[in-house]
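Here it is in structure tokens:
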């Protein structure tokens, strides 16, 4: 299998080759190929490039403006609510959002495992637990499926019984729906930042960090197995915050 990387950005190359690496790992696990014969991604062989992390988090003041904004049309209002539910639910990504079922709710908490890590952690799945806030309950009541049978999806994104390809297409449509709606929201508010699905997750991590949460706590909230991955999600502190901490060092003056 050949992948043309000439003229491609590091991000694009990384995305494509991580998918290829997953295919190799699956083939090795199923004993289709042997790692020592043809695996190209060993430490002393080819290293998949990583791009410099671009900070994507919104400020809490911008989150507040999004929260208080009342879009004129239902499309944008629903997209904003889906985005905000994801923000409050540990930076939930669209796929995990779509797969949530009512059986995941236990009184005041909702728990789930990330679809992204299910295959690599099938023997020890990492359970993510989020507190259900009043805003999350409102969003479920307004936009969720009315039949709250435990095996029903919370939100009307997936259709029971559909094959994996159709489910994948529906998740892609959901991701686009949220991004398109949030693009309209931030434009209406005059916010000069993107507020898509990736920014939602970064904003959750950065807001928690700025509120005093430890990296270990945020790692648990996001469901990361690697601390470095968590650190990449957290924005740098603004200069004003650095100034405040510097002044604390001589607060005895």
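Residue numbers (the working numbering): 20 to 272.
Beta carbons are placed, not taken as given, at the ideal position from N, Cα and C, and that holds for glycine.
Values in this document were obtained by computation on a predicted structure and should not be read as measured data.
Measuring CB to CB, does residue i end up less than 8 Å from residue j?
i, j, result
"residue 159", "residue 128", "no"
"residue 47", "residue 54", "yes"
"residue 101", "residue 167", "no"
"residue 157", "residue 147", "no"
"residue 113", "residue 193", "yes"
"residue 103", "residue 86", "yes"
"residue 240", "residue 109", "yes"
"residue 117", "residue 189", "yes"
"residue 197", "residue 216", "yes"
"residue 79", "residue 226", "yes"
"residue 115", "residue 203", "no"
"residue 155", "residue 107", "yes"
"residue 206", "residue 81", "no"
"residue 210", "residue 37", "no"
Who are residue i's beta bridge partners in DSSP?
i, result
"residue 145", "Answer is none; residue 145 lacks a bridge partner."
"residue 150", "128"
"residue 120", "172"
Could you give the C-beta distance for residue i and residue j, rounded to a whole number, given that I count them as a contact under 8 Å?
i, j, result
"residue 98", "residue 222", "With a Cβ gap of about 16 Å, residue 98 and residue 222 do not count as contacting."
"residue 51", "residue 60", "About 16 Å separates the two Cβ atoms, so there is no contact after all."
"residue 43", "residue 119", "The Cβ separation is near 31 Å, so there is no contact."
"residue 171", "residue 164", "5 Å"
How far does the alpha helix (DSSP H) with residue i in it extend, from its first residue to its last?
i, result
"residue 225", "216-229"
"residue 237", "234-241"
"residue 133", "No alpha helix (DSSP H) contains residue 133, which DSSP labels as neither H nor E."
"residue 200", "183-208"
"residue 95", "93-107"
"residue 83", "79-87"
"residue 55", "54-57"
Check whether the Cβ of residue i sits closer than 7 Å to any heavy atom of the ligand HEM, and report yes or no.
i, result
"residue 167", "Ligands displayed in this structure: none; no statement on the ligand HEM is therefore possible."
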